[in-house]
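Line order of the protein sequences matches chains D and Z. Just add 897 to the spot in the first sequence (first one is 1) and you have this note's numbering. Just add 897 to the spot in the second sequence (first one is 1) and you have this note's numbering. Backbone N, C-alpha and C fix where the C-beta goes; we use that ideal spot for every residue, glycine too. Bear in mind the structure is a predicted one, so any value in this text is a computation, not a measurement. The structure under discussion appears below in the form of structure tokens.
Protein chains: 2
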Amino acid sequence: MARWQPGARERLQSVALRLFAERGFEQTTVAEIAAAAELTERTFFRHFADKREVLFAGQEDFLQLFTDPIEAAPAGTPAYELVRRALEAAGEFFPLERRTFARTRAAIIGGEPALQERELGKLASLKTRLGELMRDRGIGEPTATLAAEAGVTIFHLAFQQWIADGEERSMGELARERLDAMAALVSV
Amino acid sequence: MARWQPGARERLQSVALRLFAERGFEQTTVAEIAAAAELTERTFFRHFADKREVLFAGQEDFLQLFTDPIEAAPAGTPAYELVRRALEAAGEFFPLERRTFARTRAAIIGGEPALQERELGKLASLKTRLGELMRDRGIGEPTATLAAEAGVTIFHLAFQQWIADGEERSMGELARERLDAMAALVSV
DNA sequence: GTCTATAGTGCGATAGAC
DNA sequence: GTCTATCGCACTATAGAC
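Here it is in structure tokens:
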């Protein structure tokens, strides 16, 4: 018999989400999360660099969502078209079933400035990675960085609307709407 | 004779900047900053909500830099033109003399993920405020939010280039370059 | 102004899997 | 034997409560 149960990381994450939703992020201690997952505080910090990270870890596939369609595009594809393709692909990764979970998680994050900061930090690394990818494809500066910033921003705004109260449209539809609004904004 | 020296807040800020530059942010304790400013730890936290905030407090005039030109614009001015005017005004607030200070501060922030997160948070509140201002002027969604996001992003990218090693162009010039790049990006 | 809870770190011990 | 996941304990600094 194993000395410890497998899936410690996932257990910590789901327990943390539940406790944060019930009592709030600040009102939940790491010790409580660890105890509820039948682990110790020390083990929590082995898996997550800090308390906030338990809500954000494990989103590596999320990154690929953007990079895959960009890498698959033919050489010479203009920056804006790369952004459009990445958003199109990202839109398909947010089916309606995920919306309830996403709303729970967003409610926790939205109520805590420290968690909002972390979310912005994650989006910033995504922007950095996409900018590098653009430059690797021969797109110059400042266009590469700007395209990456614009793409992630449009995704984020679409996502926030997607989880807004009463919103029923799909992620893809909302992303397209914001992409069009961006084009309209600068074409005065 | 005064029981305490005036300018406690400013003293804490300049002492903190110096110590952070010398030893690094994490390697400097709040107790050390307070002692060097001849104050107590408690006084530090009376002025700043947390350790990071000492590097960011006192930027209220920075907000007005963007809002003033937008409020001064005639009714019916399109969103993109409002952004252009705000950037134009912001450009004038960064004279060459500030560049050395800005570089020191940026070096501290750039070496510490926690400080980068706080900076992104500050920029996010600026985006929120500008979005409200746009909506107050009758600009609808998602254009208002998008314009605010684009404007602050362009400002931030221009600022980062302004403090880059060897860069000698003015803030206004760099902002215009990025604004043009944004227009070029979507006009495919 | 003082006290204390909690986050987060460093290092070592332990117990299995291989 | 090596490697890895967990635990135990001592410790510091932040930040908030009193």
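- Here residue 1052(Z) carries a helix assignment [DSSP, helix/strand/coil].
- By the C-beta density criterion, residue 987(D) is buried, having at least 16 other C-beta atoms within 10 angstroms.
- The beta carbons of residue 963(Z) and residue 1027(Z) sit about 6 Å from each other, so the pair counts as a contact at 8 Å.
- At the C-beta level, residue 1055(Z) and residue 1080(Z) stay beyond 9 Å of one another.
- Listed in chain order, the non-local C-beta contacts of residue 1023(D) below 6 Å within the same chain comprise 1049, local neighbours out to five positions each way being set aside.
- Around residue 1079(D), the beta-carbon contacts reaching into chain Z at under 7 Å are 1043, 1083.
- In chain order, 1049, 1053 place their CB closer than 8 Å to the CB of residue 1020(D), counting only its own chain and leaving out the 5 sequence neighbours on each side.
- At least one CB of chain Z lies nearer than 9 Å to the CB of residue 1018(D).
- Within the region 1050-1062 of chain Z, the residues whose Cβ lies closer than 7 Å to any Cβ of chain D are, in chain order, 1050, 1054.
- With contacts defined by Cβ atoms closer than 9 Å, residue 1051(D) and residue 1043(Z) form a contacting pair.
- For residue 1007(Z), the enclosing alpha helix (DSSP H) covers residues 995-1007.
- Taking residue 977(Z) as reference, the option from 1062(Z), 1045(Z), 1082(Z), 899(Z) with the minimal CA-CA separation is 1045(Z).
- Here the C-alpha atom of residue 975(Z) lies approximately 8 Å from the C-alpha atom of residue 1085(D).
- Those residues of the region 1004-1029 of chain Z placed with their C-beta closer than 9 Å to a C-beta in chain D are 1010, 1011, 1013, 1014, 1015, 1017, 1018, 1020, 1021, ordered along the chain.
- From the listed residues 980(Z), 1030(Z), 1002(Z), 899(Z), the smallest Cα separation to residue 912(Z) is found for 1002(Z).
- With the criterion set as a beta carbon lying under 9 Å from some beta carbon of chain Z, the members of the region 967-998 of chain D are 975, 976, 977, 978, 980, in sequence order.
- Annotation: Cβ neighbours of residue 1046(Z) in chain D (cutoff 8 Å, chain order): 1050, 1054.
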